[in-house]
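The structure appears right after this line, and notes come after that.
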Amino acid sequence: WQDDRNGHKEDILCIAHCTPHLLATGSYDGEIIVWNVVSGRIQCRFQTPQSQQIRNTSVLSLIFLKTRAFVPELSSSAWLVSSGSQGKLVFVMNKITERRKSIVKLALTRDDSMLFTADHVGFIYVYNIKQYALGPEQNPPKKVNFWRAHISSITSLKIFDKDQFLLTSSLDCSVRLWSIHGEFIGTFGQEESWSINTPSSWKHPAVPYEILIDPLSMPSHPVLDIEINLSDVSDSEKTENVNSEFTILSSLLTLMPLHA
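Okay, structure coming up:
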C-alpha cells in the first residue's frame with residue numbers, strides 16, 4: 001500500500017471492514033487508522049487520549065456503523081465505534097466542514113421540483129426545491145442526495161427519459177450514465193454492454209475505479225487525511241469530570257464508560 005510505511009508503529013490488535021472500500025485498524029498504542037483498501041491511502045487517523053488513571057490505551061475492538069457510513073443525511077453522525085483497555089466506548093464522527101466549490105452545471109427535472117448541480121471536482125448534488133423560494137428564504141434548500149461522478153470538472157449535465165436518467169460528461173474525458181437516484185449504469189466505451197431497461201446490467205453498486213482511488217473521494221466528501229491528536233483536546237478539558245457518564249472530548253470523539 002502507498003501509505004503502509006506511514007501506518008501503525010505498534011502491533012495491530014483489531015480490524016474492521018466497511019463495504020466497499022474502508023478498513024479500520026486499531027493498535028496497541030491507541031491509534032486508529034481508517035484506510036481506503038483500493039488506493040492504499042490513509043483516509044483519517046487519531047490517537048486515543050490517555051487518562052490519568054489508566055495509561056494503557058490499547059484498541060481491542062472496532063466496528064463500523066454500516067447503516068450510517070455512506071448515508072449523506074448522517075454524514076455528521078458517529079460511524080465507527082471502538083473499545084479498549086480503559087473500559088470505554090469511543091464513538092468516532094466526522095466534523096463536516098463543507099468546502100466551497102464552484103458550481104459549473106445545473107439541471108432540473110421536468111416539474112422543477114429537483115435541482116441537480118455539478119461542481120468543478122466532479123460531485124453532483126441534488127436539492128428538493130419543490131416548495132423552496134416561493135417567498136423570501138434564509139436557509140438553503142434541502143439536499144437529498146450527492147455522489148461523485150467524475151474526478152474532474154463536469155462539462156455537461158442532462159436529465160432525460162421522463163426524469164429517469166442522468167447523463168454526465170467531464171474534463172476527465174469520460175461520459176457516464178446514471179439513474180436519477182445516482183446509481184452508476186456505465187461509462188461510454190467500456191467493454192461491458194448495458195441496457196437502461198435492465199438494471200441487472202448496470203454497474204451499480206460499483207463505482208468508477210478512478211473515483212475510488214482519488215483522495216477527494218470519501219463517504220461524506222471531505223478529505224479526512226490529517227492527523228488528529230486528541231490528547232491535546234483532553235488536556236484542555238482536565239477541569240471536567242473524567243468519570244462522568246458521558247464526556248464529550250471534542251466534536252470528533254465522544255467517550256462513554258461501559259459501566260456507570
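Position 82 (the sequence shown) corresponds to 82 in full-length UniProt numbering; numbering is contiguous.
In this text, a Cβ means the ideal position worked out from N, Cα and C, and glycines have one as well.
Computed from a prediction, not measured in an experiment: that's the story for all the values here.
For Asn128, list the residues DSSP reports as bridge partners.
Met114, Lys142
Rounded C-alpha distance that separates Ile129 from Ile159:
16 Å
Please report the distance separating the alpha-carbon of Arg176 from that of Leu157.
10 Å
Could you check the C-alpha separation between Lys162 and Asp29 for me, to the nearest Å?
56 Å
Which residue or residues does DSSP assign as beta-bridge partners of Lys158?
Leu167
Only counting the same chain, and skipping five residues up and downstream in sequence, which positions put a Cβ closer than 6 Å to that of Ser195?
Ser201
Near Asp214, what residues of its chain come up, given a Cβ to Cβ distance below 7 Å and the 5 sequence neighbours on each side ignored?
Ile151
Leu134 burial status per 10 Å Cβ neighbour count (16 or more: buried):
exposed
Mapping the DSSP letters down to three states, classify Ile213 as helix, strand or coil.
helix
Residue range of the unbroken beta strand (DSSP E) whose run includes Gly26:
22-27
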